[in-house]
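Written out below as structure tokens is the structure these notes cover.
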């Protein structure tokens, strides 16, 4: 499971553990958009129209996923008869049984009534803990970035005088914040391998925030309300310099 990067890729489904399967059932499969499907020798190809199933009453039902309708090694290429093959498969006992199992599991996950309910609750608590830790790290990254302060030091170790500003901020927050206190306790007691303080995580957070800012600028520009970010930053710096000179 550790080597799998995309749990939503059907090629990886035979190697998923129960936790990953639960995520797929809970969230549902992901449908790729804007794909250009290759044509066969008869200029036929898979179409997005096949994601819709026409019911007997005339209504259209969205197929959340297209089930495997041929051998894994052979694939499927009979696009002329794909509607017939889909209908045959979806009315088969195998498909109906599997869909019932899928829907029952999804309902139990939604109501937290799975056999491993305690494990599910623990996973839910851990997700919230990680989210809270990352929220604090994002706040630290924003704080250091706004003031053009260096992130890393020469050491990547807690409570080391040379570990840099980001570690120092984490240590300071942990003095009064229970979430960060618990996170550092886990690290010191080796209860977790994931610090979320390494330089790769720092770089990822910076990249995500930079990308968000770029997208925000692009949207604002298209709407004709582009904000003068650089002008505001220069004005803030000028005010700081003026205040310092006045205080001297």
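In this note's numbering, the protein residues as written are 5 to 252.
Don't be surprised by glycine CBs; every beta carbon is placed ideally from N, CA and C.
Strand pairing of residue 64, partner residues [DSSP]
On the chain shown, residue 64 is found 60 positions in, with the first residue counted as 1. According to DSSP, which records beta bridges pairwise, residue 64 is partnered with 58.
Pick from 147, 124, 129, 62 that is closest to residue 177, judged by C-alpha positions
Within the chain shown, the letter at position 173 stands for residue 177. Considering only alpha carbons, the answer is 147.
Would you give the residue range spanned by the alpha helix (DSSP H) that residue 171 belongs to?
Locating residue 171 in the chain shown gives position 167, where the first residue counts as 1. Counting along the chain, the alpha helix (DSSP H) containing residue 171 begins and ends at 169-177.
Closest to residue 65 by C-alpha separation, out of 193, 170, 91, would be which residue?
On the chain shown, residue 65 is found 61 positions in, with the first residue counted as 1. It is 91.
Of the residues 30, 40, 132, which one's Cα is nearest the Cα of residue 108?
Counting from one through the chain shown, the residue named residue 108 turns up at place 104. For residue 108, the nearest C-alpha among the options comes from 30.
Quick test of your reading: residue 56 and residue 48, contact by CB under 8 Å. State the CB separation rounded to the nearest angstrom.
By 1-based counting over the chain shown, the position of residue 56 is 52. By 1-based counting over the chain shown, the position of residue 48 is 44. With a Cβ gap of about 18 Å, residue 56 and residue 48 do not count as contacting.
Spatial neighbours of residue 124 in its chain, beta-carbon cut-off 8 Å, leaving aside the 5 residues before and after
Start at 1 with the first residue of the chain shown, and residue 124 comes out as number 120. For residue 124, where only same-chain residues beyond five positions count, the Cβ hits under 8 Å are 26, 113, 116, 118.
Tell whether a beta-carbon distance below 9 Å holds between residue 170 and residue 145.
For the purposes of this step, residue 170 is taken as residue 166 along the chain shown, with counting starting at 1. For the purposes of this step, residue 145 is taken as residue 141 along the chain shown, with counting starting at 1. Yes, these two residues count as a Cβ contact at 9 Å.
Pick helix, strand or coil for residue 116, following the three-state DSSP scheme.
Locating residue 116 in the chain shown gives position 112, where the first residue counts as 1. Correct three-state label for residue 116: coil.
Taking buried to mean at least 16 other C-beta atoms within 10 Å of its own C-beta, is residue 174 buried or exposed?
Position 170 of the chain shown holds residue 174. Buried, since its Cβ has 16 or more Cβ neighbours within 10 Å.
Three-state secondary structure (DSSP) at residue 211?
Taking the first residue of the chain shown as position 1, residue 211 is located at position 207. It is helical.
Measure the CB-CB distance between residue 211 and residue 134 and report whether it falls below 9 Å.
Numbered from its first residue, the chain shown carries residue 211 at position 207. Numbered from its first residue, the chain shown carries residue 134 at position 130. No. Outside cutoff.
Going by Cα to Cα distance, which pick from 215, 162, 167, 158 is closest to residue 193?
The residue labelled residue 193 in the question sits at position 189 within the chain shown. Comparing Cα-Cα distances from residue 193 to each of 215, 162, 167, 158, the minimum goes to 162.
Which value, in whole angstroms, describes the spacing of the CA atoms of residue 35 and residue 100?
In the chain shown, residue 35 corresponds to position 31, counting from 1. In the chain shown, residue 100 corresponds to position 96, counting from 1. So the two alpha carbons sit approximately 21 Å from each other.
Straight-line Cα distance separating residue 184 from residue 40:
The residue you call residue 40 lines up with position 36 of the chain shown. The residue you call residue 184 lines up with position 180 of the chain shown. The straight-line gap from Cα to Cα measures roughly 47 Å.
Top-ranked residue by Cα proximity to residue 51, from 14, 110, 87
Counting from one through the chain shown, the residue named residue 51 turns up at place 47. Out of 14, 110, 87, 87 has the C-alpha closest to the C-alpha of residue 51.
Start-to-end residues for the alpha helix (DSSP H) that takes in residue 31:
Counting from one through the chain shown, the residue named residue 31 turns up at place 27. Per DSSP, residue 31 belongs to the alpha helix (DSSP H) from 22-31.
Taking residue 37 as part of the alpha helix (DSSP H), name the residues at either end of that continuous run.
Here the question's residue 37 lines up with position 33 in the chain shown. No alpha helix (DSSP H) contains residue 37, which DSSP labels as neither H nor E.
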